[in-house]
Amino acid sequence: MQVFLTGATGYIGSAVLDSMIKGGHRVTAMARDPEKAEKLQARGAATVIGELGLPKTYLNAVKAADAVVHTAMESSPRGVEKEKQALDTMLDALTQASQADGKQRVFIYTSGIWVLGPQPHGADETATLAPAEIARWRQGHEAQVLAAQGPTLRVALVRPGIVYGGARGIVSDMLKDALNGLVRVIGDGQNRWPCVYDRDLGDLYVRLVTSPDASGVFHAAGDEDERVHDIAEAIRSHVDPVADVRFMPLAEAHAKLGPYADALALDQVVRCPRARALGWSPAMHGITGNAPRLFEEYRRAASRE
0 MQVFLTGATG YIGSAVLDSM IKGGHRVTAM ARDPEKAEKL QARGAATVIG
50 ELGLPKTYLN AVKAADAVVH TAMESSPRGV EKEKQALDTM LDALTQASQA
100 DGKQRVFIYT SGIWVLGPQP HGADETATLA PAEIARWRQG HEAQVLAAQG
150 PTLRVALVRP GIVYGGARGI VSDMLKDALN GLVRVIGDGQ NRWPCVYDRD
200 LGDLYVRLVT SPDASGVFHA AGDEDERVHD IAEAIRSHVD PVADVRFMPL
250 AEAHAKLGPY ADALALDQVV RCPRARALGW SPAMHGITGN APRLFEEYRR
300 AASRE
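Each step along the sequence shown adds one to the number in numbering that gives the first Met the number 0, with nothing skipped, and position 121 is 120.
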């Protein structure tokens, strides 16, 4: 398939790019500048120079695609507004193109697990949303995407757990902190994080693109239900000398990090029956039993960045 991918230089998008190319798909990736485009081309993608907030820079690539996979998220003050503009542009273009030639198009949107809010008793894809403050805006964007489903436009929405692997993301920050001697945990660490290995996540996107009946919401997380305390303990014990752990009271963390701290302190148990029904089965089973491998990946990836 011809796939247009946003966010291909980002953490999730990078994993999606590798999986799509490995799966034999032709990928056109959006890059902000020629330097990033050159790096994407070296990995096997065609590129267009563009930005989410400038729809004319990527509109033709959307129209030419069989599937659009949206993983980009701009962290600027206007990031949410720009994503809304991008969704309007991409969904309208795909709908018009599919209606014109009768050929089904696919749109895959990347949301996040924090839109679920606290889920101590388990949440599958049918769970009622109670978004954490930092993810509250996502609820409206999810609704817009799901409402775009039609006879010739198939839409799927992915809620990845906390992604690990390589040298980016929340877990990699903990690896880096351990190498520097101190791992910080918000709260008492008894909360559980739903996590997903980056390559396993990329595999799910490929399955969604190629499964003709895959539409609606899909969670992406392992079922290890690891507590943050245990993750921190596994990570700190694999450095020499053993790193310290500091448990930050939530009020202190919130004063420093705002809503991000509250999200990191969420207790979430997440299940993925709809993803598993596609044959998706994560190859990496959690963080606590794979700390040596993750440190090896971190060092290798960090040396390239």
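All C-beta atoms, glycine included, are put in the ideal place defined by N, C-alpha and C. Source: prediction; values computed, not measured.
About 6 Å separates the Cβ atoms of residue 67 and residue 89, confirming a contact at the 8 Å cut-off. Residue 297: not part of any beta strand (DSSP E); member of the alpha helix (DSSP H) spanning 290-303, first to last residue.
Taking every protein chain shown into account, the CB of residue 252 has 16 or more other CB atoms within 10 angstroms, so this residue is buried. Where residue 252 is concerned, the enclosing alpha helix (DSSP H) starts and stops at 249-256. For residue 33, the uninterrupted alpha helix (DSSP H) run begins and ends at 33-41, by DSSP. By the Cβ test, the stretch 213-223 is in contact with the stretch 258-275, since at least three Cβ pairs between them sit closer than 8 Å. Around the Cβ of residue 303, a 10 Å sphere holds fewer than 16 other Cβ atoms; the residue is exposed. Among the bridge pairs identified by DSSP, residue 226 is matched with 191.
Residue 199 holds the alpha-carbon nearest to the alpha-carbon of residue 163 among 132, 199, 156. A buried status is given to residue 118, since no fewer than 16 other beta-carbon atoms sit within 10 Å of its beta-carbon. In this structure, the straight-line span from the alpha carbon of residue 108 to that of residue 123 is close to 18 Å. Bridge pairing for residue 218: 158 [DSSP]. For the options 47, 7, 278, 29, the alpha carbon positioned closest to that of residue 203 is the one of 278. Contact check for residue 165 against residue 7 fails: the beta carbons are separated by 7 Å or more. Note on geometry: alpha-carbon atoms of residue 240 and residue 180 lie some 8 Å from one another. Taking the C-beta atoms as reference points, residue 196 is found no nearer than 7 Å to residue 72.
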